[in-house]
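Numbering of the sequence shown is given in the UniProt record's numbering, commencing with residue 1 and proceeding in unit increments.
I have placed the structure first, in the form of structure tokens, so that the comments after it can refer back to it.
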Amino acid sequence: MLSFRTRIFGGMLAVALVVAGIAVFTGRSWFEEGQLEAARQRLLRETTLAAALLAQLGPEPASLPQLARILDMPQERLTLTDATGQVLADTSPGAQPVTRLDNHADRPEIHAALMGEPGFALRPSGTLGTDMAYAAVPAATGRVLRVAVPLDHLRQDIAHQASFFTRLGLTALLLSLVLAGVLSGALRRSLDQMVAVVEAISLGHFQRRLRHIPGREFAPLAEAVNRMAENIEEHIRAAAEQTAQLECVLETMSDGVLVLGPRGRIRRCNRALARCFPQAAAAQGAPVVEVIPSPALQEAVDALMAEPEARSDEAESRARRQRYLHLELSSGEVMSVCLSRPSGQEDAHVPTGVGAVAVFHDITELMRLERVRRDFVANVSHELRTPLTAIQGYAETLMNLDLPPQCRRFGEIILKHGLSLSRMVEDLLSLARLEGKGGSLELSPIDPLEALNQATAQCHESLEARRCTVAVNMPQGCRVMASQPHLTQVFRNLLENAARFTPEGGTVRVSAQEAENTVTFRVTDDGPGIPKADLERIFERFYQVERHRGQASTGLGLAICKHIIERHGGHIRAESPAPDGSTALVFTLTPVHGAAHS
């Protein structure tokens with residue numbers, strides 16, 4: 001590809017060549033025409049003068065040589081014809097005798113003179129065999145005087161002048177070439193300066209600006225380049241500040257942070273993680289298991305990276321992009337790990353190079369305190385069973401005696417609160433057993449309808465007291481992977497909770513809906529609903545929305561349900577208001593075919 005300077009120079013050279021060629025050709029033609037016209041006018045004047053002198057000398061043919069001597073016309077040829085065009089005299093030294101010359105009446109100049117007008121013509125001479133210029137005018141007594149001049153001298157003058165014009169054109173062309181070279185060189189130097197500034201900007205020198213431009217035509221380009229450099233400099237500065245801030249936040253975090261690439265390989269870690277795993281600082285590009293010897297963590301990373309990004313349900317998508325697990329190190333420390341994958345829909349046009357982020361939180365002390373709390377609750381609950389049993393026994397014994405009404409009322413109160421404390425102790429022990437199991441529950445294929453029927457029978461008194469009915473809608477042949485007694489306990493707690501808040505004579509609806517990998521159960525009541533602020537807290541232990549409404553409650557039933565469902569690998573949540581305007585507690589379990597598939 002030709003350079004810009006070569007194209008500019010070539011263009012100017014082509015223009016100079018065309019202009020010089022046109023100038024030389026036009027000047028030469030103009031000069032030749034001018035010379036011929038001047039020769040014509042001069043020859044006609046000389047011929048007219050010769051005719052006047054001939055009239056004074058006498059129109060005889062013998063006067064013609066004398067006329068030539070008087071007018072000093074050694075090169076000119078004078079011819080005298082009569083009114084018919086017949087040659088009477090001719091001064092050409094090489095001419096034939098006039099009697100042998102042709103009649104000249106058909107010559108253009110002779111014909112014009114015979115008509116009374118001066119005549120002029122250019123043609124080769126038939127007598128002399130050379131190119132001649134002829135001029136003829138009327139003479140006395142109807143005769144015609146013609147003067148002929150050879151064109152050799154005229155053509156020599158024309159050739160000389162044409163050579164002059166050619167040299168002038170070549171000189172102008174040479175000057176044009178020099179000027180084109182100078183201008184293209186200056187333009188090339190200016191463009192080289194612009195290119196140097198742009199290359200400097202591309203190399204990171206964003207403070208450079210275009211100060212000198214070749215011409216006004218390049219001003220928009222220079223302004224665009226300067227604006228681009230300013231914008232890039234501003235963006236780089238902002239990115240550097242943001243990077244420094246993020247780096248400061250990352251390095252000052254007390255939790256360990258591990259950044260993984262799109263393939264699940266280590267990209268970097270912060271200082272807190274390097275203190276726990278020193279080899280992580282120099283393990284860029286290595287698998288996680290080479291730094292943190294935990295197969296469970298590596299499996300979680302692999303599963304998360306294999307998860308597709310596009311999800312229609314935002315909540316489901318967020319849940320699928322996160323993994324939670326606990327790591328127990330050989331040193332005895334326990335780490336809570338939150339493994340998250342960034343959403344691919346937020347800034348898809350900005351590649352981050354981050355596949356996942358793992359946050360490690362040291363929960364060793366928290367786990368120790370949790371064990372102390374759990375052991376304390378279990379021990380206290382166990383120790384309370386004996387005195388509570390004694391209190392209930394003595395209260396029942398007192399109730400069988402013949403006591404005054406006031407004493408009987410006191411006995412009923414003692415028995416009521418004793419039973420409430422017993423239920424609370426049983427719930428605490430059940431919760432402690434669930435929290436104390438290290439592994440998952442023993443699951444087997446069961447019919448959830450059987451567990452629901454058992455739960456309905458166990459809480460028959462609570463339902464009967466509120467005159468509530470249970471409406472069941474479950475698909476035929478539905479089977480889930482679950483622990484029969486634990487699922488029965490979940491249904492019983494949910495039915496008791498629904499009966500507690502359902503108006504008397506109301507209906508508690510239990511339904512199930514099968515999907516590909518989940519079975520969703522819904523326990524719906526017609527109660528007053530749950531405030532939005534309490535939806536996330538109702539599964540906390542001892543938490544009650546309305547402490548003084550309906551029957552007494554230990555506040556542990558939903559917490560037990562949450563632990564059981566999570567140990568089954570499912571989820572539980574509350575919906576208030578539900579799509580039909582009621583209140584629903586929803587939990588999920590794995591179907592038998594879904595468990596076999598996974």
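Backbone N, C-alpha and C fix where the C-beta goes; we use that ideal spot for every residue, glycine too.
This one's a predicted model, so the numbers in the text were calculated from it and none came from an experiment.
Taking the alpha carbon of residue i as the point to measure from, which residue in the options has its own alpha carbon closest?
{"i": "residue 399", "options": "236, 372 and 413", "result": "413"}
{"i": "residue 526", "options": "513, 498 and 517", "result": "498"}
{"i": "residue 226", "options": "194, 321 and 106", "result": "194"}
{"i": "residue 537", "options": "408, 574 and 567", "result": "574"}
{"i": "residue 235", "options": "204, 569 and 250", "result": "204"}
{"i": "residue 39", "options": "519, 476 and 135", "result": "135"}
{"i": "residue 85", "options": "110, 70 and 97", "result": "110"}
{"i": "residue 125", "options": "277, 137, 102 and 112", "result": "102"}
{"i": "residue 268", "options": "592, 355, 372 and 206", "result": "355"}
{"i": "residue 190", "options": "531, 520 and 217", "result": "217"}
{"i": "residue 178", "options": "130, 22, 509 and 10", "result": "10"}
{"i": "residue 284", "options": "298, 514, 259 and 305", "result": "259"}
{"i": "residue 326", "options": "576, 523, 296 and 320", "result": "296"}
{"i": "residue 256", "options": "223, 292 and 222", "result": "292"}
Just to confirm the assignment, what range does the alpha helix (DSSP H) spanning residue i have?
{"i": "residue 277", "result": "Neither: residue 277 is in no alpha helix (DSSP H) and is coded neither H nor E."}
{"i": "residue 474", "result": "Premise fails: residue 474 is in no alpha helix (DSSP H) and is neither H nor E."}
{"i": "residue 538", "result": "Here residue 538 belongs to no alpha helix (DSSP H), and DSSP marks it neither H nor E."}
{"i": "residue 114", "result": "108-114"}
{"i": "residue 297", "result": "295-305"}
{"i": "residue 117", "result": "Where residue 117 is concerned, there is no enclosing alpha helix (DSSP H), given that its DSSP letter is neither H nor E."}
{"i": "residue 290", "result": "288-291"}
Taking DSSP as the reference, what is the three-state secondary structure of residue i?
{"i": "residue 531", "result": "coil"}
{"i": "residue 338", "result": "strand"}
{"i": "residue 444", "result": "strand"}
{"i": "residue 557", "result": "helix"}
{"i": "residue 615", "result": "Because the chain in this structure spans residues 1 to 598, residue 615 falls outside the shown range and cannot be described."}
{"i": "residue 586", "result": "strand"}
{"i": "residue 489", "result": "helix"}
{"i": "residue 21", "result": "helix"}
{"i": "residue 146", "result": "strand"}
{"i": "residue 15", "result": "helix"}
{"i": "residue 203", "result": "coil"}
{"i": "residue 102", "result": "coil"}
{"i": "residue 387", "result": "helix"}
{"i": "residue 346", "result": "Note that residue 346 scores a pLDDT of 47, beneath 50, so its modelled location is shaky; the value from the coordinates is reported in the next line. In this structure, residue 346 counts as coil in the three-state DSSP scheme."}
{"i": "residue 550", "result": "Any reading at residue 550 must be qualified, since the residue scores a pLDDT of 47, below 50, and its modelled position is unreliable; the value itself is stated next. Residue 550: coil per DSSP, three-state reduction."}
{"i": "residue 83", "result": "coil"}
{"i": "residue 520", "result": "strand"}
{"i": "residue 439", "result": "Below a pLDDT of 50, predicted positions are generally treated as unreliable, and residue 439, at 48, falls in that range; the measurement from the model is reported next regardless. Three-state result, residue 439: coil."}
{"i": "residue 68", "result": "helix"}
{"i": "residue 469", "result": "strand"}
{"i": "residue 405", "result": "helix"}
{"i": "residue 525", "result": "strand"}
{"i": "residue 208", "result": "coil"}
{"i": "residue 542", "result": "coil"}
{"i": "residue 196", "result": "helix"}
{"i": "residue 333", "result": "coil"}
Taking 8 Å as the threshold (beta carbon to beta carbon), is residue i in contact with chain C?
{"i": "residue 151", "result": "Absent here is chain C; the protein component of the structure consists of one chain."}
Would you mind reading off the limits of the beta strand (DSSP E) that contains residue i?
{"i": "residue 232", "result": "Not the beta strand (DSSP E): residue 232 falls in the alpha helix (DSSP H), residues 219-252."}
{"i": "residue 359", "result": "356-362"}
{"i": "residue 75", "result": "Note, residue 75: premise wrong, no beta strand (DSSP E); not H, not E."}
{"i": "residue 575", "result": "572-575"}
{"i": "residue 482", "result": "480-482"}
What does DSSP give as the partner residue(s) for residue i in the beta ladder?
{"i": "residue 268", "result": "259"}
{"i": "residue 324", "result": "338"}
{"i": "residue 132", "result": "123 and 150"}
{"i": "residue 90", "result": "79"}
{"i": "residue 138", "result": "144"}
{"i": "residue 503", "result": "Answer is none; residue 503 lacks a bridge partner."}
{"i": "residue 61", "result": "None; residue 61 has no bridge partner."}
{"i": "residue 591", "result": "480"}
Between residue i and the ligand GDP, is the CB less than 7 Å from at least one heavy atom?
{"i": "residue 30", "result": "Because no ligand of any kind appears in the structure shown, any question about the ligand GDP cannot be addressed here."}
Exercise. Can at least three beta-carbon pairs, one atom from the segment 238-251 and one from the segment 317-335, be found at a separation below 8 Å?
Worked result: no
Inset, instruction - Tell me, please, whether the segment 145-157 touches the segment 165-180 by the rule of three or more beta-carbon pairs shorter than 8 Å. - result: no
Are the segment 452-471 and the segment 420-430 touching by the rule of at least three beta carbon pairs closer than 8 Å? no
Exercise. Are there three or more Cβ pairs, one per stretch, closer than 8 Å when the segment 394-411 is compared with the segment 286-301?
Worked result: no
**OP:** Answer yes if the segment 263-277 comes into contact with the segment 372-387, meaning at least three C-beta pairs across the two stretches below 8 Å, and no otherwise.
**Re:** no
Q: Determine contact between the segment 114-122 and the segment 154-161, defined as no fewer than three beta-carbon pairs at a distance below 8 Å.
A: no
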